[in-house]
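Count the sequence shown with our numbering and you get residues 1145 to 1479, in order. Quick notes on the structure that follows.
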Amino acid sequence: MSLAALCRSIYNLYYMSIAIFTSKEQSILQCAQALQKGQLVVFPTETVYGLGADATNTVAIQQIFNVKGRPSDNPLIVHIASMEQLPQVAQSVPEHAKKLAQAFWPGPLTLVLPKTHTISTAASADLETVAVRIPNHPIALQLLRLANIPVAAPSANKSGRPSPTTVAHVLQDFINEPLIFGILDGGPCSIGIESTVVDVTGVIPYILRPGIISKEQLESVLQTNVEYGTFQHQQNTTPNTPRSPGMKYRHYAPRATIHIISSEKEIPNNAENKWILALSMESAQHVDVIISEQNIYDVFRRADKEGIQTLWIIETPPLRQRVGLWDRITKAAKK
Ligand code: TXA
Ligand code: MG
């Protein structure tokens, strides 16, 4: 670490305005009460850390958009603690949704459902649908139970930056953010990429964002074909409308330029400040970082910190088959 970076870290530690809470019952209760009062709380889930606010409180939701710098047409995922809360959020629960909820909740699956009026239109970006998830993390579940309100929570990063999978990542983006009440520390997230988003409002279920739960797993539960969807089947929009509102924005990106290559021979001899990334050591003679769902966002953030200018990612069939991970890599590579 350079001297400047060390001084910055010490300064940040000393002047840090954001509170970090442990998983003690009392701390979780304090955070739940903050949510009820319309404040913002960062909490861990099994996928990534979320920046939560009361999904029924428009002022609180607008603060999420402000703090993240998120475009207002990109709707948020609403988190609940149990199936009993679902009628508060969703007007109806189609058959496909019931089956998927039973198989994968609590877990890394988000279902797009018809929305009730209780949910702020700011959270759903004026859509008639709402994305809902029961996360599988003890701290998240306890927080949601104690708050007893639906909690809208996008990933707790500045818009366009890699999602946070540790408290340190959250601090990198929000260390001096006065609008955040605090961060609940749950350690590193076990899955590391965001949930699979499935639209179950129509006859055909559509995957709007791939994640760790695969198309094949969804099909095996539903006993029907699942497709990779376009957002336009939901709304009467133009043919170029992206899969999900969030899909049109550049995402998950480090500052480094990402090159996807099929062989290390494509890397120029004079390339400096570079890392070679691959799914396994066998992918190339020289690999700097072995990537996975768990570490991809950390690798992107570390590359930024260390001033890496180019990331060379070796494309192999096994990497392409990790659909969620591959999706994040190709999105990050888009300039
Ligand atoms: O794992 C996750 O899903 C994490 C944790 C915190 O739960 N959350 C998360 O939220 O990734 P966010 O806001 O970063 O991503 C939400 C995605 C966006 O692509 C958004 O466009 C899509 O879900 N989405 C939300 N509501 C939708 C809706 N009604 N219809 C279609 N897509 C929707
Ligand atoms: Mg996000």
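For every residue, glycine included, the Cβ atom is placed at its ideal position computed from N, Cα and C.
{"Asked": "So P1308 packs on H1240, CB below 8 Å; how close in whole Å?", "Found": "Between H1240 and P1308 the Cβ distance is about 31 Å, and since that is not below 8 Å, they are no contact."}
{"Asked": "Can you give me the start and stop residues for the alpha helix (DSSP H) that P1252 sits inside?", "Found": "First-last for P1252: undefined, no H or E at that position."}
{"Asked": "At the level of alpha carbons, what is the spacing between S1303 and V1186?", "Found": "15 Å"}
{"Asked": "Rounded C-beta distance between I1164 and P1252? I'm assuming under 8 Å.", "Found": "Not a contact, Cβ separation roughly 24 Å."}
{"Asked": "Using the Cα positions of P1386 and P1354, report the straight-line distance between them to the nearest angstrom.", "Found": "With a pLDDT of only 44 at P1386, under the threshold of 50, the placement of this residue in the model should not be trusted, and no figure is reported."}
{"Asked": "For V1222 and E1410, I'd like the C-alpha separation in whole angstroms.", "Found": "44 Å"}
{"Asked": "Which residues in the same chain have their Cβ closer than 6 Å to the Cβ of P1306, if we skip the five residues on either side of it in sequence?", "Found": "Y1396, Y1441, F1444, R1445"}
{"Asked": "Between the alpha carbons of Q1379 and S1268, how many angstroms are there, rounded?", "Found": "Confidence is the limiting factor: at Q1379 the pLDDT is only 47, short of 50, which leaves the residue's position unreliable, though a coordinate-based value still follows. Cα-Cα distance, rounded: 13 Å."}
{"Asked": "For L1257, which residues does DSSP report across the bridge?", "Found": "V1274"}
{"Asked": "Go ahead and label N1320 buried or exposed: buried means 16 or more other beta carbons lie within 10 angstroms of its beta carbon, across all protein chains shown.", "Found": "exposed"}
{"Asked": "Taking all protein chains shown into account, do 16 or more other C-beta atoms lie within 10 angstroms of the C-beta of Q1207, making it buried, or fewer, making it exposed?", "Found": "buried"}
{"Asked": "If distances are taken between C-alpha atoms only, which option among D1329, L1362, S1264 comes closest to P1219?", "Found": "S1264"}
{"Asked": "Is the distance from the Cβ of I1335 to the Cβ of E1190 below 8 Å?", "Found": "yes"}
{"Asked": "Would C1333 and P1215 be called neighbours here (beta carbons separated by less than 8 Å)?", "Found": "no"}
{"Asked": "Any contact of the segment 1291–1301 with the segment 1194–1212, i.e. 3+ C-beta pairs under 8 Å?", "Found": "yes"}
{"Asked": "Roughly how many whole angstroms lie between the Cα atoms of H1564 and V1365?", "Found": "With the chain covering only 1145 through 1479, there is no way to say anything about residue 1564."}
{"Asked": "So the candidates are V1276, W1456, A1300, W1470; which of them puts its Cα closest to the Cα of A1234?", "Found": "V1276"}
{"Asked": "Just to confirm, is the Cβ distance from V1131 to I1327 under 8 Å?", "Found": "The shown model of the chain, from 1145 to 1479, leaves out residue 1131, and the question about it has no answer."}
{"Asked": "Quick one: which unbroken alpha helix (DSSP H) runs of 4-plus residues sit fully inside the segment 1302–1335? Chain order, please.", "Found": "1311–1318"}
{"Asked": "Write down every uninterrupted run of the alpha helix (DSSP H) in the segment 1168–1244 whose length is 4 residues or greater and which is fully enclosed by it, in chain order.", "Found": "1169–1180, 1202–1212, 1230–1233"}
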